[in-house]
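Undergrad: Got a structure here, written out as structure tokens. Questions coming.
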Amino acid sequence: MRKTLLYLYSVMLLSMSCNDYLDIVPDNIATLEFAFRDRTRAEQYLFTCYSYMPKNMTAVDPGFTCGDAIYSNPNRSGNFPNIGFDLMYYGNNVNSPYLNYWDGGSGGENLWQGIRDCNIFIENIHDVNDMESFEKNRWAAEAKFLKAYYHFYLMRLYGPIPIVRENLPISASPEEVAVYREPVDDVVEYIVALIDEALEDLPITITNEVSELGRITKPIAMSIKAKILVTAASPMFNGNQNYQSLKDGRDIVLINQAYSADKWQRALLACEEAISVSHQAGHKLYRKENISLDISDSTKQVLLVSQIVTDKWNEEIIWASARYNSLNVEKLTIPPLTQDHRLFSGGGTWAPTMKMAEMFYSENGVPIGEDSEYDYEDRYSLTSVSDSLRYYLQPGKQTAVLHTHREPRFYGALAVDGGWFYGLGRLNDKQQWPVNAKSGEQSGRQGIERFTPTSFYLKKLYNYRSTYSGESYINFRWSIPIMRLADLYLLYAEALNETLDAPNEDVYKYVDLIRERAGLNSVEESWSRYSVYPRKYLSKEGMREIIHTERNIELSFEGQRFWDIRRWKKALEEFTDAPKGWNVDGETVEEFYQIRTLELAPYSLKDILWPIAQRNISVNNNLVQNPGW
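Note that my numbering gives residue 526 to position 542 of the sequence shown, counting from 1, and the numbers run on in steps of one.
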């Protein structure tokens, strides 16, 4: 079984404590021959490689719970999973880091273990007797991609990381085992080369959908390659002088200090290729015409926002995970609509922040602070809902100006006091569930835990087919999206804009495809007609801001904003803001519609890169700690 059977690998020092430094003889060598004895067992080992995939849209997903998009009830207890929120608002540490994806622990997967298992699989799959060569090659390609993806995930969290090309033999010297962290540019080169190596043997589509959906395809690999190269071209890893001091014992600077425009050109090409192969595979934007319900066009446009995410394996989704039940994210984000519902739901304890509510555009398709027709200065004032907004809000209800005359994605992503909630057994849009969120009301605060701390609820992360009866909740299970076509379009627009002196028609085209689907006019029409900055879209800097905002809105609450804010080098600006919401203790409209500042995050430069557990630094003197830890 070649040297993998010896099972000592360079990553060993990354996940061992001082006490087991000399424990280098593995205890399961004999099981490897058994693992690759036949196709069935080899496939089980491949699924082991997949099993390390981070759990998206859960409490242990940094992208979902560690940013500023969602806030959890400050009375956090063991009744609800909150580890990501605890990291954000209590801070991390080096003794027992939260979401430790380096060693595994405190909610994090041991991704080095995952990489090790991928190496074992790659080196042994060709020894299986009852398989055709093409299938062995395909499975090896899947493992190569997963190995690359796990390196990428670690890089996004920790910055420079060791590169584990292969597992070392037991005869490896202490010097060989004492690995260094490699410069980010070198890590990116290795990851991209590994994905390129895998591409030739990956299928363009999944033909056996019953048993293979979620397995790696060419569109998945090429889309993630594009995201990797956009990440590498972004300010976080492209000339970031905040990390001048991050050097190893060889005096090698681990995050480059000089900006390179060529990185954007390379990212652009990768985005173009990924879009092309995704189209070839049949991926296209999901549209309201996909919704076959006898409801108003306005309600379809609102429902579209959640259906894009929760209509299982729809044509827009390039990559999704079916490993984790969508039940939990639904129960923790939707409003309690009956007393029975409150008993078994999380009561909306994972809640959107005021910042996100303000981020969505006005009905004119521009930021509310830029809209010449929007009453921005009085957005926190009270108003009465007009009948023209009847499909979005309850007519005659007193609500905040902020809740009115917003784009459809606002009403599709958020449930607000005085709004509606479609589905959960009510499929007539003239008889939707009313959302009344003031203290003591059905969707308002009752007790100390099961309520929204900001007043807002999420509508985006539930499928309208889910329902409940009495004390039972029936979840219409959906797969958690990791990559969808809209994300790829916006990556392309961003990369193209960065390569130009001023945006061209192609930049606008891919942003406008997203906007048109959302029921908005083009960038040019919206800004020239309604913005107080009518020429903003004509400059590279202005269009950059528009693209960033479009990503924040279109991909909101999908775990993307956290990663984007970090790569754009905006974390210190955004994550130091204390989350805000309406006063959920208020019983009257006057009391309720007061801005309340919630928990202040102790966020600083050191929090951007995750700490490596100190025990690893103590064991391996070649590893350097991230700045500030």
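All C-beta atoms in this analysis are idealised placements derived from N, C-alpha and C, irrespective of residue type, glycine included.
Quick one: measure Cβ to Cβ for residue 92 and residue 546, integer angstroms, because I've assumed they're closer than 8 angstroms.
TA: Actually they do not touch by this definition, with Cβ atoms about 15 angstroms apart.
Undergrad: Once you ignore the five residues that flank residue 553 on each side, which residues in its own chain have a CB closer than 6 angstroms to its CB?
TA: Cβ within range, chain order: 219 and 220.
Undergrad: Looking at C-alpha atoms only, which residue of 290, 456 and 318 is the closest neighbour of residue 463?
TA: With distances taken between Cα atoms, residue 463 lies closest to 290.
Undergrad: Tell me the rounded alpha-carbon separation between residue 75 and residue 51.
TA: Computed Cα separation, rounded: 12 angstroms.
Undergrad: Residue range of the beta strand (DSSP E) that residue 464 falls in?
TA: 464 to 468 is the extent of the beta strand (DSSP E) around residue 464.
Undergrad: Could you work out which residue in 41, 113, 148 and 117 is closest to residue 130 when comparing CA atoms only?
TA: The option with the nearest alpha carbon to residue 130 is 148.
Undergrad: Have a look at residue 610 and residue 415 and give me their C-alpha separation to the nearest angstrom.
TA: If you take the alpha carbons of residue 610 and residue 415, they lie about 55 angstroms apart.
Undergrad: Per DSSP, which residues does residue 355 bridge with? Please list them.
TA: Answer by DSSP bridge pairing, in chain order: 515.
Undergrad: Let me check one thing: in DSSP terms, what residues is residue 579 bridge-paired to?
TA: Answer is 566.
Undergrad: Compare the C-beta of residue 35 against all C-beta atoms of chain B and say whether one is closer than 8 angstroms.
TA: Among the chains of the structure shown, chain B does not appear; only one protein chain is present.
Undergrad: When DSSP labels each residue in this structure, what does residue 390 get in the three-state scheme?
TA: Reduced to three states, the DSSP call for residue 390 is strand.
Undergrad: With the cut-off set at 8 angstroms, would you say residue 53 and residue 337 are in Cβ contact?
TA: Cβ atoms of residue 53 and residue 337: closer than 8 angstroms.
Undergrad: What first and last residue would you give for the alpha helix (DSSP H) that runs through residue 48?
TA: Residue 48 -> alpha helix (DSSP H) spans 46 to 49.
Undergrad: Are residue 95 and residue 85 touching if we call contact CB-CB under 8 angstroms?
TA: It is a contact, given that the beta carbons lie within the stated cut-off.
Undergrad: Check for me: the beta strand (DSSP E) holding residue 366 runs from which residue to which?
TA: Residues 366 to 368.
Undergrad: On the CB-based measure, 16 or more other CB atoms within 10 Å of its CB, does residue 293 come out buried or exposed?
TA: Buried, because 16 or more other Cβ atoms sit within 10 Å of the Cβ of residue 293.
Undergrad: Tell me the rounded alpha-carbon separation between residue 318 and residue 437.
TA: Cα to Cα, residue 318 sits roughly 13 angstroms from residue 437.
Undergrad: Out of 125, 20, 88 and 181, which has the shortest C-alpha to C-alpha gap to residue 112?
TA: Comparing Cα positions, the closest option is 20.
Undergrad: Based on Cα-Cα distance, which residue from 579, 285, 227 and 351 lies nearest to residue 439?
TA: Minimum Cα distance to residue 439 is reached at 579.
Undergrad: Select from 162, 194, 160 and 215 the residue whose C-alpha is nearest the C-alpha of residue 171.
TA: Cα-wise, what sits closest to residue 171 is 215.
Undergrad: Could you check which residue in 413, 229, 401 and 411 has the C-alpha nearest to that of residue 423?
TA: With distances taken between Cα atoms, residue 423 lies closest to 401.
Undergrad: Please determine if the segment 467 to 484 and the segment 586 to 603 are in contact, where contact requires at least 3 C-beta pairs separated by less than 8 angstroms.
TA: Counting Cβ pairs under 8 angstroms, fewer than three are found: no touch.
Undergrad: So if DSSP puts residue 407 in a beta bridge, which residue, or which two residues, is it bridged to?
TA: Answer by DSSP bridge pairing, in chain order: 410.
Undergrad: Checking the sheet assignment: what are the DSSP bridge partners for residue 189?
TA: Residue 189 is not bridged to any residue.
Undergrad: Return yes when the C-beta of residue 370 is under 7 angstroms from any heavy atom of the ligand NAP, and no when it is not.
TA: For the ligand NAP, the structure offers nothing, since it holds no ligand at all.
Undergrad: Please report the Cβ distance between residue 524 and residue 481, rounded to the nearest whole angstrom; I am assuming they are in contact, meaning their Cβ atoms lie under 8 angstroms.
TA: The Cβ separation is near 6 angstroms, so the contact holds.
Undergrad: DSSP three-state label for residue 453, please.
TA: DSSP places residue 453 in strand when its eight states are reduced to three.
Undergrad: Look up residue 305 in the DSSP assignment and say whether it is helix, strand or coil.
TA: Residue 305: strand per DSSP, three-state reduction.
Undergrad: Out of 126, 77, 500 and 180, point me to the one whose CA is closest to residue 101's CA.
TA: Closest option to residue 101, Cα to Cα, is 126.
Undergrad: Between which two residues does the beta strand (DSSP E) harbouring residue 383 extend?
TA: From DSSP, the beta strand (DSSP E) with residue 383 extends over 382 to 384.
Undergrad: For residue 387, which residues of its own chain have a beta-carbon under 6 angstroms away from its beta-carbon, when the five flanking residues on both sides are left out?
TA: The answer, listed in chain order, is 400.
Undergrad: Which residue's Cα is closest to the Cα of residue 598: 110, 141 and 608?
TA: Nearest C-alpha to residue 598: 608.
Undergrad: Using a Cβ-Cβ cutoff of less than 8 angstroms, which residues in the same chain neighbour residue 595 once the five nearest sequence positions on both sides are dropped?
TA: These residues qualify, in order along the chain: 76, 77, 78, 81, 609, 610 and 613.
Undergrad: Can you say whether residue 450 is buried or exposed, counting buried as having 16 or more other CB atoms within 10 angstroms of its CB?
TA: It is buried - the Cβ of residue 450 has at least 16 other Cβ atoms within 10 Å.
Undergrad: Just to confirm the assignment: which complete beta strand (DSSP E) runs, minimum length 3, are found wholly within the segment 283 to 332?
TA: Counting only runs of 3 or more, we get 301 to 305.
Undergrad: Can you give the Cα-Cα distance for residue 372 and residue 324, rounded to whole angstroms?
TA: Straight-line Cα distance between these residues: approximately 33 angstroms.
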